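Residue numbers (our numbering): 906 to 1331.
These notes are about the structure you will find just below.
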């Protein structure tokens, strides 16, 4: 646990450094220049509070409380939005002030959630001890930190390109940002906590050096296949229902402005990206948890080369495709990362490598998803293209019915299919 307590220190240092950069090098718009320092400080304070929460979150996962960790992560994202809405609508606070206070309030709620969950822990080993650090572990920690920064730069590459170039107009940037925020809700609320839990499970059950007993390795592989299959199926379901209802979601989220500026087809494409990112999350967790120090360095070099390629693609595709180019660039980047992770997994597992077909949905589910897509697409043509509460309600009713049928099939049939596969393997 002593290494976990480096998180608050690192977050405090980097928060101060970034705050100084933002305050000195960034020019604030005239309409918010009087509140700019408060905005920066709110992010600085919230980042420090969340960093202070990390040791408790790590301890929670080490004790096997993965559900609490997933709830905490989802709660943080939800409360950030909820507090903003509450402060603006009910307390009539000025929007910028409401946003700043909401950031801090959500971070404090996140911190006290973990403190409350850890109240029953009485042993002393969880408290900070800043002595006895081993050089080998610090080297691994440094490599993992650099590795995480590289991944973040790759993930947020489109944002950096838009900030420092004029590839998109301000209106296009606003539409892209709104669509990305809407589409990434699924990734942040569902996929991110699942990915974190999977990462901690694999790190606890895989060895970076040496070999595992065959029974433990088999169990971990089965868990990996099951998780990968579940996120793939979940991604397909989200994609199938997102495409016919993208126009409605965009209209509710941003109104006619987003609809008129091609927000709906952009969200449809983003739904495809969600399937790819779901697969990448689990494969990368397994691959990274099984890498030794040398392989982590190789992966870091791969990410560095990928970031250059990703930058080139981000600079090229938007010239011809506009904001759609950024989403396609993300898809390409994730596919390349999946390929690298799968290549490492096959080399590491050798003959134990699971078949790709083990994660493919059953034939019945594929037929049901195709049928659901056709029905909801027809509903979009009949009801979704006409404004009005009655037509919108009919379109939602059709989609809700088809979604319940798919959920019923997943619960009663697909789950049994997974169990039969595990029984056959064993």
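Backbone N, C-alpha and C fix where the C-beta goes; we use that ideal spot for every residue, glycine too.
Source: prediction; values computed, not measured.
The beta carbon of residue 1247 is closer than 7 Å to those of 1188 in its chain, skipping five residues each way along the sequence. DSSP places residue 1170 in the uninterrupted alpha helix (DSSP H) bounded by 1168-1194. Assigned with DSSP and collapsed to three states, residue 1227 falls in coil, not helix or strand. Sequence-distant Cβ neighbours of residue 1015 in its own chain, meaning closer than 7 Å and more than five residues away, are 955, 958, 977, 980 and 981. Here the alpha carbon of residue 1131 sits roughly 12 Å from the alpha carbon of residue 1261. In this structure, the CA atom of residue 1010 is about 8 Å from the CA atom of residue 985. When the beta-carbon positions are compared, residue 1223 and residue 1072 come within less than 7 Å of each other. With three or more CB-CB distances shorter than 8 Å, the stretch 1167-1184 counts as touching the stretch 1235-1242. In terms of CA proximity to residue 1299, 1286 leads the group 1286, 1310 and 1020. Residue 1203 carries a helical assignment under DSSP once its states are collapsed to helix, strand and coil. In the displayed model, residue 997 falls within coil according to three-state DSSP, outside both helix and strand. Taking 7 Å as the cut-off, the beta carbon of residue 920 is found no closer than this to the beta carbon of residue 962. Going by C-alpha positions, residue 1103 is about 33 Å away from residue 946. For residue 1239, the three-state secondary structure derived from DSSP is helix.
Taking C-beta atoms as the reference points, residue 1311 and residue 1277 count as a pair closer than 7 Å.
Per DSSP, the continuous alpha helix (DSSP H) segment holding residue 1146 begins and ends at 1119-1159.
Assigned with DSSP and collapsed to three states, residue 940 falls in coil, not helix or strand. Under the three-state reduction of DSSP output, residue 1023 falls in the coil class, being neither helix nor strand.
Residue 1107 places its beta carbon less than 7 Å from that of residue 1194.
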